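I have placed the structure first, in the form of structure tokens, so that the comments after it can refer back to it.
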Amino acid sequence: MSSGDTRCLVAGNWKMNGLLDEAMSYVNELRENPAPEYVEVAIMPPYTLLHPMNKPLSDKDVRLGAQSMYFEEKGAFTGSIAPMMLRDAGCHYVILGHSERRDIIHESNALILKKLHASWRVGLEPILCIGEHLEEREAGKTNDVLKDQLSILEGIEGNKALTVAYEPVWAIGTGVTASPEQVVETHAFVHEELTRLGLDCRVLYGGSVNPGNARALMGSEGVEGALVGGASLKADSFMQIVEAAANAVS
Ligand code: PEP
């Protein structure tokens with residue numbers, strides 16, 4: 001694997017949610033649960049919570065990540081955050097290419113590629129999100145879409161720290177998850193494509209993962225963890241997903 005960590009990863013993407021008090025209570029709840037041995041846990045809170053969450057999370061062996069970043073080092077880019085600022089705040093991960101950024105902010109493959117390089121320059125591990133829209137799946141174009149999104153990895157050296165998250169857009173925040181067959185089939189395609197590109201990294205599943213479906217999803221062939229949105233907002237449900245992942249891999 002090109003990622004530094006070979007454990008299965010359960011990462012919580014808080015999106016634009018979370019105030020300081022809530023975050024501190026959340027961390028306290030996490031601290032009451034022992035971290036399972038074979039599961040790596042990470043949280044991606046909003047930027048304002050990175051610094052305050054860094055120390056309490058690292059004490060608990062939970063990794064910190066950011067939900068996005070700009071690719072420039074510093075300068076006149078009002079409202080943007082630089083890769084080194086994320087390192088400075090204690091981040092190990094940065095999510096890149098999330099469908100909400102591709103669709104709402106119109107981030108292109110070319111921009112995401114610049115961000116990938118920028119993350120590696122400062123020692124951040126990117127979690128590259130890929131996934132098709134419902135119309136694309138229904139039109140039989142899923143593999144073409146994923147191939148195009150992964151094409152930015154062409155020529156990337158195999159030793160770069162990288163995690164990929166397959167997140168069907170129609171499953172994000174909808175309560176609908178991909179069927180076990182769709183998950184296995186699509187993860188197999190993503191792994192095949194990564195191998196063709198000379199890369200061997202973890203592939204997470206994302207899209208309405210919850211405590212009820214996590215065990216089955218995490219136990220599916222080719223799934224090496226989960227990127228969790230809504231169900232990561234409460235420490236209790238997030239820990240249940242971590243537990244389910246631990247049971248699936250043990
Ligand atoms: C996500 O934001 O990456 C995600 C998968 O969200 P949800 O779990 O809420 O579908």
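Quick note: the sequence shown, position 77, residue 77 per our numbering, numbers continuous. For each residue, glycine too, the CB sits at the ideal point set by N, CA and C. Small disclaimer: the values here were computed from a predicted structure and weren't measured.
Quick check: Thr177 and Gly131, are their CB atoms within less than 8 Å of each other? no
Assuming Glu185 contacts Leu162 (C-beta within less than 8 Å), just tell me the rounded distance between them. Not really, about 22 Å apart at Cβ, beyond 8 Å.
Outcome for Met44 when other beta-carbon atoms lying within 10 angstroms are tallied against a minimum of 16: buried
Could you tell me which residues DSSP pairs with Glu40 in its beta bridges? Leu9
I'd like the span of the beta strand (DSSP E) that includes Ala110, first residue to last. Here Ala110 belongs to no beta strand (DSSP E); instead the alpha helix (DSSP H) covers Asn109 to Val122.
Quick check for students: name the residue ranges of the alpha helix (DSSP H) that lie wholly in the stretch 158-221, counting only runs of 4 or more. 180-196 and 214-218
Boundaries of the beta strand (DSSP E) in which Cys26 is found, first to last residue: Before going on, a small fix: residue 26 reads as Tyr here, not Cys. Run containing Tyr26: none in the beta strand (DSSP E); it sits in the alpha helix (DSSP H), Leu20 to Arg31.
Report the three-state DSSP secondary structure of Tyr47 (helix, strand or coil). helix
Quick one, which of Arg121, Val41 and Ala188 has its alpha-carbon nearest Asp59's? Val41
Specify the secondary structure class of Ile130 as computed by DSSP and reduced to three states. strand
Going by the beta-carbon positions, is the gap between Leu49 and Leu57 smaller than 8 Å? no
Check each candidate in Lys115, Glu181, Val39 and Ala139 and name the one with the smallest Cα separation from Ala11. Val39
Do you know whose CA, among Ala245, Ile241, Asp236 and Asn247, lies nearest Glu32's CA? Asp236
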